[in-house]
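Numbering (UniProt numbering), first residue to last: 1 to 613.
The block underneath contains the structure these notes are about, expressed in structure tokens.
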Amino acid sequence: MQESMARNTEQSSSESPKIFNNQDFYALRELHLKKGVLFQDEEFPADLRVIGPHLIDELKIQNMQWRRPPEFCKNPHLIVDGASYFDILQNKIGDCWVLSTIGSVTQKQNLLIKIIPADQGFTKNYIGIFHFRFWCSGEWVDVVIDDRLPFVNGDFFSVRPSCTKEYWPCLLEKAYAKLLGGYQNLHWGDPAEAMVNFTGALTMTLKLKGGDLHPSDIWEMVHKSKHTALITCISEKADIMTRNRSYSVPNALEYRDERRGSEPANKYPENIQIDNGLVDRHAYTVTDTAQVYREGLVNLIRLWNPWGRGEWIGRWSDNCSWWNDINPEDRKKLNTKREDGEFWIPWVNFVQQFSRIIICSPTLDFLNWGSDQTSWHKTAYKNIWPKECGLEDSFNKDLFCKNPQYLIWITPSDEVKKGYNVIISLMQNHRNRQKFGHEWLPIGFLVSKVGAELPDPQMKMPGSFFPKDLQSGIHIKKRRDVTKGFRLAAGRYVITPFNADRNQESSFLLQVFLRSQGCTVELGDSQSFLRNEEKTHEDIFMKYATQGGKMNARDLQKFLNDVISKGFAPHGGIRFSIEASRSMLASMDFTCNGKLECDFFKRLWRYLDYFKE
């Protein structure tokens with residue numbers, strides 16, 4: 001899949017992420033190693049503030065302890081014998097939407113090593129600091145935490161590791177809680193949101209009943225994409241997901257992981273488990289698909305329950321006699337009888353018992369049907385909704401047309417008879433839920449067909465272009481992300497992202513996936529709040545570095561006054577002295593040679609960008 005970015009800054013990657021909350025892992029670790037003092041994260045302190053009032057009230061938390069793994073484990077490790085979804089046991093909070101995603105991530109080792117950097121642990125250079133990487137609002141960020149974990153009555157508060165010496169699940173989830181603004185934001189949620197944060201890839205939620213695609217077509221998509229995609233699902237029959245019930249917590253039962261020899265877990269809060277062994281309104285990880293022959297071809301899908309137990313007990317379950325009727329090699333390969341939360345279920349029963357399946361894939365090949373091998377092309381826009389577009393009467397056409405608008409065109413060769421030829425994904429700012437009372441803004445977008453006359457790209461479509469009954473044409477959701485597929489006829493269309501009812505300026509990321517390249521353009525004057533950057537950090541560094549690929553203080557001073565000072569122009573401008581340059585260089589000169597290398601130059605530039613903001 002080819003990508004292009006419109007009006008964007010330099011894009012970070014998982015290998016070179018942006019620093020989150022102005023906390024540089026390497027600088028902080030070096031500083032605390034020199035001091036000989038364990039790191040304490042003041043940005044995410046070890047107290048009830050990071051738990052959140054809603055969760056404290058709901059779970060009636062009174063006393064909480066914070067403990068580092070070396071304080072209660074003789075020989076802790078970050079990872080033991082590789083990371084697996086069997087390492088994870090859901091505990092007291094309703095975070096199955098996160099844990100089902102993490103479970104899927106463990107199947108993609110190339111993705112896992114991007115999220116969990118290998119340069120950390122409890123032995124060499126241990127000083128109580130860890131870092132993890134997530135995709136957030138269009139860029140990868142590096143989130144720093146300390147290793148103080150929350151306990152209630154001597155038991156883990158959030159996810160429990162199945163191995164008593166392995167703590168990557170706890171630390172990874174803590175970092176994700178920090179990204180989201182607190183543990184209470186783990187207590188309910190949509191797996192699609194977590195999947196985007198852990199991959200940066202397109203994520204589509206497909207209804208198994210009453211949706212755009214037939215269940216047999218969805219099976220083909222899942223079966224085709226299982227090796228490359230993260231896939232989760234929700235066992236909920238209601239047509240509309242109940243937000244505070246898109247999670248579940250384990251009921252009272254003791255569990256022992258014989259594989260790792262861990263201690264039995266304490267008893268958990270009760271939760272209803274239905275007669276067929278499934279948990280209602282619960283997120284599961286899809287771990288595999290298979291086809292076997294028994295009186296015809298049978299499609300099977302394998303799921304994992306983040307509880308670490310609790311399995312389907314119907315047809316093709318672990319102890320079903322039908323396994324004896326298939327090829328012995330298939331039976332040996334597929335029918336593993338363990339109480340580990342993983343089980344097979346026939347696709348026909350899966351469709352009956354589950355309401356949604358969520359596919360997150362770095363490529364869109366799973367959307368191609370049959371022999372169709374069309375490439376997909378992505379264009380992404382970062383932009384803002386101006387204040388006047390968020391008024392409560394914004395369904396007024398004269399106000400609605402002030403929203404950003406994007407023209408796309410579909411060529412005759414892009415038309416399809418099956419599936420989609422356009423995917424639109426809209427994401428609001430990840431901080432909005434914290435800003436607006438623990439709620440996401442209601443967002444959506446309108447796709448409008450353009451007539452034969454070609455619009456002027458320098459002008460937005462006027463209010464008269466839009467239908468009278470605007471509200472009926474927009475599918476509004478109180479979600480961070482709204483993603484939808486379309487099968488459109490050849491022609492031109494205008495996409496209008498929309499923020500329903502807030503008189504607030506808010507940023508968004510719009511991603512458009514088409515089968516032809518260069519078929520998207522923003523209409524009117526750009527409202528983008530981001531600047532173009534034609535050169536990379538490396539190009540700029542080499543322009544100013546006069547010391548054989550390194551900068552001295554005067555090189556840095558010239559860069560600061562040529563480039564950085566421009567960013568302070570609205571505040572009257574600023575000039576950097578040689579003393580200021582030397583001070584900055586010294587703060588980033590970890591090799592103590594009086595010169596600045598490119599990696600530390602990039603880090604310093606990011607610090608300065610954060611300072612300007």
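Beta carbons are placed, not taken as given, at the ideal position from N, Cα and C, and that holds for glycine.
Under 9 angstroms between C-beta atoms of residue 362 and residue 228: yes
Beta-carbon gap between residue 601 and residue 513 smaller than 9 angstroms: no
Alpha-carbon to alpha-carbon, residue 185 and residue 433: 9 angstroms
Whole-angstrom distance between residue 323 and residue 16, CA atom to CA atom: 48 angstroms
C-alpha gap between residue 517 and residue 64, whole angstroms: 54 angstroms
Closest by C-alpha distance to residue 226, when choosing among 287, 598, 36: 287
Same chain only: Cβ atoms within 6 angstroms of residue 199, ignoring 5 sequence neighbours per side: 360
DSSP state of residue 346 mapped onto helix, strand, coil: strand
Which residues DSSP lists as bridging residue 492, in chain order: 409
Range covered by the alpha helix (DSSP H) that runs through residue 139: Where residue 139 is concerned, there is no enclosing alpha helix (DSSP H), although the beta strand (DSSP E) it sits in stretches over 139 to 146.
Contact the region 373 to 383 vs the region 306 to 321: 3+ CB pairs below 8 angstroms: no
Residue range of the beta strand (DSSP E) that includes residue 364: No beta strand (DSSP E) holds residue 364; DSSP gives it neither H nor E.
Residues bridged to residue 136 (per DSSP): 139
Contact the region 50 to 58 vs the region 130 to 137: 3+ CB pairs below 8 angstroms: no
For residue 77, the three-state DSSP class (helix, strand or coil): strand
Rounded straight-line distance, which links the Cα of residue 603 to that of residue 180: 23 angstroms
Limits of the unbroken beta strand (DSSP E) element including residue 170: Taken as a continuous stretch (DSSP letters only), residue 170 belongs to no beta strand (DSSP E), being part of the alpha helix (DSSP H) at 168 to 180.
Three-state secondary structure (DSSP) of residue 385: strand
6 angstroms CB neighbourhood of residue 173 in its chain, flanking five on each side removed: 158, 159
Entirely enclosed beta strand (DSSP E) segments - the region 31 to 80, minimum 3 residues: 65 to 67
Simplified DSSP state of residue 557, which is helix, strand or coil: helix
Minimum C-alpha distance to residue 337 - residue among 104, 319, 553, 211: 319
Residues near residue 578 by beta carbon distance below 8 angstroms, same chain, minus five either side: 553, 554, 557
Span of the beta strand (DSSP E) around residue 301: 297 to 304
Element boundaries [beta strand (DSSP E), containing residue 486]: 481 to 486
C-beta atoms of residue 479 and residue 422 nearer than 9 angstroms: no
Continuous alpha helix (DSSP H) stretch holding residue 215: start and end: 215 to 225
Residue 584 (DSSP reduced to helix, strand or coil): helix
Cβ-Cβ distance between residue 345 and residue 293 below 9 angstroms: no
Neighbourhood of residue 316 by C-beta, 7 angstroms cutoff - its chain only, sequence neighbours within 5 removed: 300, 322, 344, 345, 346
Under 9 angstroms between C-beta atoms of residue 387 and residue 505: yes
Where residue 416 sits in the DSSP three-state scheme: coil
Close-in-space but distant-in-sequence residues of the same chain around residue 262 (CB under 6 angstroms, 5 per side omitted): Here residue 262 scores only 32 on pLDDT, less than 50, and its place in the model is too uncertain to base an answer on.
Touch test, the region 209 to 217 against the region 115 to 128, Cβ-Cβ under 8 angstroms, three pairs minimum: no
Cutoff 7 angstroms; reference residue 24; Cβ partners in own chain excluding five residues on either side: 603
Spatially closest choice to residue 446 from 95, 178, 475, by CA coordinates: 475
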